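Since the structure comes first, as structure tokens, the remarks are kept for the end.
Protein chains: 2
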Amino acid sequence: MEMNLFETIEGGVCAAAGFRAAGVYAGIKKSEKPEGNEIPVSSHKNDLGLIYSDHDCNTACVYTQNKVKGAPIIVTKRHLEKTGGKARAVIVNSKNANTCNADGVEKAEKMCDLLADAMGLESEQVLVASTGVIGQILPIEPIEKAIPQLAMSLCVSQHLEAAKAIMTTDTFPKEYAVTFEIDGKTCCMGGMAKGSGMIHPNMATTLNFITTDCSITTEMLQKALSEIVKITYNCLSIDGDTSTNDMVCLMSSGVCENKEITEEGEDFETFKKALYQVMANLTRMLAKDGEGASKLLTCICSGAPDLDTAIIVAKSVICSPLFKCAMFGSDANWGRILCAIGYAEADFDINKVGVTLSSSKGEIEVCRNGSGVDFSEEKAKEILLEDEIYINIDLHAGEAQATAWGCDLTYDYVKINGDYRS
Amino acid sequence: MEMNLFETIEGGVCAAAGFRAAGVYAGIKKSEKPEGNEIPVSSHKNDLGLIYSDHDCNTACVYTQNKVKGAPIIVTKRHLEKTGGKARAVIVNSKNANTCNADGVEKAEKMCDLLADAMGLESEQVLVASTGVIGQILPIEPIEKAIPQLAMSLCVSQHLEAAKAIMTTDTFPKEYAVTFEIDGKTCCMGGMAKGSGMIHPNMATTLNFITTDCSITTEMLQKALSEIVKITYNCLSIDGDTSTNDMVCLMSSGVCENKEITEEGEDFETFKKALYQVMANLTRMLAKDGEGASKLLTCICSGAPDLDTAIIVAKSVICSPLFKCAMFGSDANWGRILCAIGYAEADFDINKVGVTLSSSKGEIEVCRNGSGVDFSEEKAKEILLEDEIYINIDLHAGEAQATAWGCDLTYDYVKINGDYRS
Numbered sequence: 319m320e321m322n323l324f325e326t327i328e329g330g331v332c333a334a335a336g337f338r339a340a341g342v343y344a345g346i347k348k349s350e351k352p353e354g355n356e357i358p359v360s361s362h363k364n365d366l367g368l369i370y371s372d373h374d375c376n377t378a379c380v381y382t383q384n385k386v387k388g389a390p391i392i393v394t395k396r397h398l399e400k401t402g403g404k405a406r407a408v409i410v411n412s413k414n415a416n417t418c419n420a421d422g423v424e425k426a427e428k429m430c431d432l433l434a435d436a437m438g439l440e441s442e443q444v445l446v447a448s449t450g451v452i453g454q455i456l457p458i459e460p461i462e463k464a465i466p467q468l469a470m471s472l473c474v475s476q477h478l479e480a481a482k483a484i485m486t487t488d489t490f491p492k493e494y495a496v497t498f499e500i501d502g503k504t505c506c507m508g509g510m511a512k513g514s515g516m517i518h519p520n521m522a523t524t525l526n527f528i529t530t531d532c533s534i535t536t537e538m539l540q541k542a543l544s545e546i547v548k549i550t551y552n553c554l555s556i557d558g559d560t561s562t563n564d565m566v567c568l569m570s571s572g573v574c575e576n577k578e579i580t581e582e583g584e585d586f587e588t589f590k591k592a593l594y595q596v597m598a599n600l601t602r603m604l605a606k607d608g609e610g611a612s613k614l615l616t617c618i619c620s621g622a623p624d625l626d627t628a629i630i631v632a633k634s635v636i637c638s639p640l641f642k643c644a645m646f647g648s649d650a651n652w653g654r655i656l657c658a659i660g661y662a663e664a665d666f667d668i669n670k671v672g673v674t675l676s677s678s679k680g681e682i683e684v685c686r687n688g689s690g691v692d693f694s695e696e697k698a699k700e701i702l703l704e705d706e707i708y709i710n711i712d713l714h715a716g717e718a719q720a721t722a723w724g725c726d727l728t729y730d731y732v733k734i735n736g737d738y739r740s
Numbered sequence: 319m320e321m322n323l324f325e326t327i328e329g330g331v332c333a334a335a336g337f338r339a340a341g342v343y344a345g346i347k348k349s350e351k352p353e354g355n356e357i358p359v360s361s362h363k364n365d366l367g368l369i370y371s372d373h374d375c376n377t378a379c380v381y382t383q384n385k386v387k388g389a390p391i392i393v394t395k396r397h398l399e400k401t402g403g404k405a406r407a408v409i410v411n412s413k414n415a416n417t418c419n420a421d422g423v424e425k426a427e428k429m430c431d432l433l434a435d436a437m438g439l440e441s442e443q444v445l446v447a448s449t450g451v452i453g454q455i456l457p458i459e460p461i462e463k464a465i466p467q468l469a470m471s472l473c474v475s476q477h478l479e480a481a482k483a484i485m486t487t488d489t490f491p492k493e494y495a496v497t498f499e500i501d502g503k504t505c506c507m508g509g510m511a512k513g514s515g516m517i518h519p520n521m522a523t524t525l526n527f528i529t530t531d532c533s534i535t536t537e538m539l540q541k542a543l544s545e546i547v548k549i550t551y552n553c554l555s556i557d558g559d560t561s562t563n564d565m566v567c568l569m570s571s572g573v574c575e576n577k578e579i580t581e582e583g584e585d586f587e588t589f590k591k592a593l594y595q596v597m598a599n600l601t602r603m604l605a606k607d608g609e610g611a612s613k614l615l616t617c618i619c620s621g622a623p624d625l626d627t628a629i630i631v632a633k634s635v636i637c638s639p640l641f642k643c644a645m646f647g648s649d650a651n652w653g654r655i656l657c658a659i660g661y662a663e664a665d666f667d668i669n670k671v672g673v674t675l676s677s678s679k680g681e682i683e684v685c686r687n688g689s690g691v692d693f694s695e696e697k698a699k700e701i702l703l704e705d706e707i708y709i710n711i712d713l714h715a716g717e718a719q720a721t722a723w724g725c726d727l728t729y730d731y732v733k734i735n736g737d738y739r740s
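Right, here's the structure in full:
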């Protein structure tokens with residue numbers, strides 16, 4: 319699928335009509351509790367976010383496959399089951415995952431209750447998500463205290479504050495939005511995402527929220543989401559650790575008043591293309607901002623017999639710690655790429671494989687038919703010193719292609735994670 | 319299985335009767351070519367090793383499952399097929415993996431030919447192994463030049479030189495040997511192994527050579543090897559990268575003259591226990607010397623419904639980069655352990671899982687029934703500052719148990735691998 323087909327617009331999760339957002343600093347992490355009643359509205363330390371729709375939204379979600387599931391995952395699932403896939407709001411906090419706590423579900427329900435009360439909604443219309451340290455009791459008081467301010471801040475211009483509120487070790491907020499046409503109507507779709515460690519999505523990814531004003535049934539939303547997750551977030555790996563709190567939530571307000579998409583067809587294809595553009599670009603941002611990353615790595619596997627093979631091979635390379643270290647060192651150690659292709663659990667002839675490396679400085683071929691070819695180490699170094707590197711693999715075994723995104727493994731990854739909790 | 323049942327002895331791969339070994343510096347890496355004809359016999363830079371048996375040996379091997387296979391793997395397999403599982407010698411080099419080279423198989427055959435000529439053997443009686451950088455042409459000249467000296471150095475006391483010859487980024491040579499009794503005869507078994515990166519064995523591991531004088535058929539040797547590899551080397555992970563050159567080779571000279579082991583029974587059980595002790599201790603050394611490692615991590619999963627589940631869970635924790643970083647930082651971030659248990663592909667109830675952490679400084683419980691329990695952070699820090707840490711997981715779902723070995727993820731891992739080739 320083409321990555322940048324539609325015009326991009328501003329607005330993040332508020333780009334689509336009918337959505338508002340907010341983000342505030344509640345002081346969820348003990349050591350950061352604000353003095354007295356002072357709660358700064360805008361701060362890079364935002365830790366409580368809200369997405370709100372003026373209308374009932376058809377809503378699709380995918381969740382982590384980790385057996386350990388954050389309490390918010392359990393509550394969100396439960397609420398969507400009760401409402402038959404409808405929601406009005408998502409409340410989300412960072413600094414604490416509310417996972418592996420005996421009172422986790424109770425606290426997650428409480429977050430929904432508090433927001434529902436403040437906004438005049440039913441609890442079941444509220445979804446909830448959390449990210450942060452696993453296994454620490456979630457303090458509900460700072461959240462309770464901050465909710466009025468959160469509600470008051472709700473505004474279409476507050477999307478960036480919401481995007482900031484879900485950041486953990488991210489170095490920049492991640493938003494993306496596009497505009498596209500369906501049934502003669504101009505629709506919008508936008509999203510926000512958080513990184514930046516414990517990222518190796520499996521049927522879902524870290525927290526991602528996408529909103530659209532395009533009218534589409536919950537069933538078709540879910541179908542589009544599952545399909546596009548597979549070739550975007552699920553093709554991303556920062557460190558091979560699948561989070562306990564992964565969740566992608568896609569909400570449609572239907573405000574756009576196009577003829578509702580109820581089945582496959584041209585409109586559905588357009589919708590998926592827009593969704594791909596939003597999700598692929600957010601995925602790319604997540605990879606670029608991977609914990610400690612100095613380089614964005616994009617591995618494109620083409621010539622595969624089928625999509626699954628292409629995905630498995632591209633991800634295998636992106637996940638290899640040795641390859642990631644070589645990229646950190648700008649070392650064209652292509653043997654590590656071949657090694658990672660070789661242990662990918664897929665069926666193809668390794669003796670046909672070709673590999674090139676490229677960046678804005680050019681391209682070099684390093685391997686043909688599974689064996690090395692002579693190349694200029696000097697040219698390779700020049701290419702690999704750039705901060706966006708492409709690894710192009712051709713299996714010469716078919717027509718399928720997939721892209722996987724990742725980043726290099728650096729001293730800073732070790733530094734960040736050697737002392738995360740404190 | 320008990321790890322230290324039998325008496326340990328000196329002698330490494332020469333502990334068993336009938337085996338001799340040697341290791342020399344041939345200058346296989348271009349930049350290290352010695353001046354003129356000077357070849358130092360003993361050096362930490364040894365790069366060419368030899369194991370030689372005075373008698374025909376029954377020989378079992380397991381190999382990497384990586385699709386990219388080093389040329390020596392192909393040649394060793396071919397030779398053992400030709401001889402029906404008999405061998406007299408193994409020649410092995412470091413500094414170059416002889417993998418992904420168009421002339422790789424030819425060069426590996428040439429190494430066997432050269433050694434066979436020098437020792438008066440058939441080429442097929444010689445096995446070959448290589449380790450080092452992938453995808454660089456193997457220079458045969460330095461090997462050819464060094465073989466006479468290698469042959470002359472053959473001696474039962476040269477086991478350490480051989481162990482040094484297979485080192486890559488290892489910081490110490492790895493040898494282990496035991497003595498045990500079978501059929502009233504005192505048998506010996508010893509081995510050597512190399513680390514220390516690209517280690518995530520799959521049906522085999524990095525280079526390991528084990529010799530015994532116990533009389534046993536090739537078939538039973540293979541059976542014992544496959545069984546014990548599963549619970550030793552295959553339970554080791556340094557970095558999740560499965561090498562292209564993995565090989566474990568187990569040779570029996572039969573010099574001990576016990577009644578040959580031809581079937582299952584008490585003697586075979588004793589043999590397997592000795593093999594476990596040698597292989598588990600070598601595995602432990604490999605983990606301890608993992609690239610950049612500052613801590614040896616041993617994860618014991620008990621209370622599992624079956625052995626496979628125990629292995630999968632223990633390995634999942636040992637492989638988690640986030641957990642490995644937390645151990646580097648001596649941070650009792652047990653949520654990352656639960657997360658890794660949660661994404662292990664096995665079937666059990668996460669809400670029954672208990673976890674304790676221990677070292678020579680004591681033990682603390684950090685998780686019970688899948689949720690956190692209060693513990694002293696001070697005590698936890700004291701325990702985790704040690705350089706050997708045990709992670710004890712109880713699934714409370716059965717009687718099976720397995721151990722996995724690994725190490726922490728440190729700045730030095732990134733440093734070593736950011737610039738390996740140069």
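Here the protein sequences line up with chains A and B, keeping their order. Offset between the first sequence (1-based) and this note's numbering: plus 318. Offset between the second sequence (1-based) and this note's numbering: plus 318. Note that beta-carbon positions come from the ideal geometry of N, C-alpha and C, so glycine has one too. All values reported here derive from a predicted model rather than from experimental measurement.
I'd like to know whether the C-beta atoms of B/I528 and B/L554 end up nearer to each other than 8 Å. no
Kindly indicate which residue of A/D585, A/D649 and A/A592 has the alpha-carbon position closest to the one of A/K697. If we check each option's Cα against that of A/K697, A/D649 comes out closest.
Put B/C418 into one of helix, strand or coil per three-state DSSP. coil
Kindly list, in the order they appear in chain A, the residues whose Cβ is closer than 7 Å to that of B/W652. G453
Reference B/G345; option with closest CA among B/V408, B/N576 and B/I461: B/I461
Run through DSSP, which three-state label would A/G660 get? A/G660 falls in the helix class under three-state DSSP.
Since B/V446 is in the beta strand (DSSP E), which residue starts that stretch and which ends it? V444 to S448
For B/T674, collect the residues of the same chain with a Cβ closer than 7 Å to its Cβ; drop the 5 residues on either side in sequence, then sort them by chain order. Excluding positions up to five away in sequence, the list reads E681, I682, E683, V684 and N710.
Which residues of the stretch 500-526 of chain A have a Cβ closer than 9 Å to any Cβ of chain B? Give them in chain order. G515, M516, H518 and N520
Check each candidate in A/H373, A/K425, A/K428 and A/E442 and name the one with the smallest Cα separation from A/L398. A/E442
Chain-ordered neighbours of B/I668 on chain A, where CB pairs are closer than 7 Å: K385 and V386
Contact set for A/A335: own chain, Cβ-Cβ below 8 Å, skip 5 residues either direction: C506, D531, S571, V573 and C574
Contacting residues, own chain, Cβ-Cβ under 8 Å from B/G402 (five flanking each side not counted): T536
Is the Cβ of B/P623 closer than 8 Å to any Cβ of chain A? no
Chain-ordered neighbours of A/S638 on chain B, where CB pairs are closer than 8 Å: G558 and D559
So with CB distances below 8 Å, who are the chain B contacts of A/C418? G653, L656, C685, G688, S689 and G690
Thinking C-alpha only, which one of B/T497, B/V408, B/M645 and B/V671 is nearest B/E700? B/M645
Quick one: what does DSSP say B/I629 is sitting in, helix, strand or coil? helix
With three or more C-beta pairs closer than 8 Å as the rule, is the stretch 703-717 of chain A touching the stretch 615-631 of chain A? yes
A/V635 in three-state terms, based on DSSP: helix
Say whether chain B places a C-beta atom closer than 8 Å to the C-beta of A/G546. Looking at the sequence provided, one finds Ile at residue 546 of chain A rather than Gly. It does not; no Cβ of chain B falls within 8 Å.
Between the alpha carbons of A/G388 and A/T562, how many angstroms are there, rounded? Their Cα atoms are separated by approximately 6 Å.
Less than 8 Å between the beta carbons of A/A405 and A/Y370, yes or no? no
Look up B/A405 in the DSSP assignment and say whether it is helix, strand or coil. strand
Between the beta-carbon of A/I556 and the beta-carbon of A/C725, is there less than 8 Å? yes
Interface residues of chain A facing B/I659 [CB-CB closer than 8 Å]: Neighbours of B/I659 on chain A, chain order: K385 and V386.
Can you check the stretch 505-560 of chain A for any alpha helix (DSSP H) of at least 4 residues that lies completely inside it and give the ranges in chain order? 536-549
Please classify B/T290: does DSSP put it in a helix, a strand, or coil? This structure does not reach residue 290 of chain B, given that chain B is present from 319 up to 740, and the question cannot be answered.
Residues of the stretch 591-615 of chain B with Cβ closer than 8 Å to any Cβ of chain A, in chain order: none
Residues of chain A with CB closer than 7 Å to the CB of B/L727, please, in chain order. Residues of chain A whose Cβ lies closer than 7 Å to the Cβ of B/L727 are, in chain order, V732.
Helix, strand or coil for B/E427? Go by DSSP, reduced to three states. It is helical.
Is there at least one Cβ from chain B nearer than 8 Å to A/A722's Cβ? no
Among B/K347, B/E695, B/V631 and B/A611, which residue has its Cα nearest to the Cα of B/F490? B/A611
Run through chain A and tell me which residues come within less than 7 Å of B/C619, C-beta to C-beta. Within 7 Å Cβ-Cβ: nothing; B/C619 doesn't reach chain A, min ~14 Å.
Find the nearest neighbour of A/N279 within the set A/F693, A/K679, A/Y594 and A/S689, judged by alpha-carbon distance. No information on residue 279 of chain A is available, as it lies outside the stretch 319 to 740 that chain A covers here.
Beta strand (DSSP E) containing A/A698: first to last residue? Taken as a continuous stretch (DSSP letters only), A/A698 belongs to no beta strand (DSSP E), being part of the alpha helix (DSSP H) at E695 to L702.
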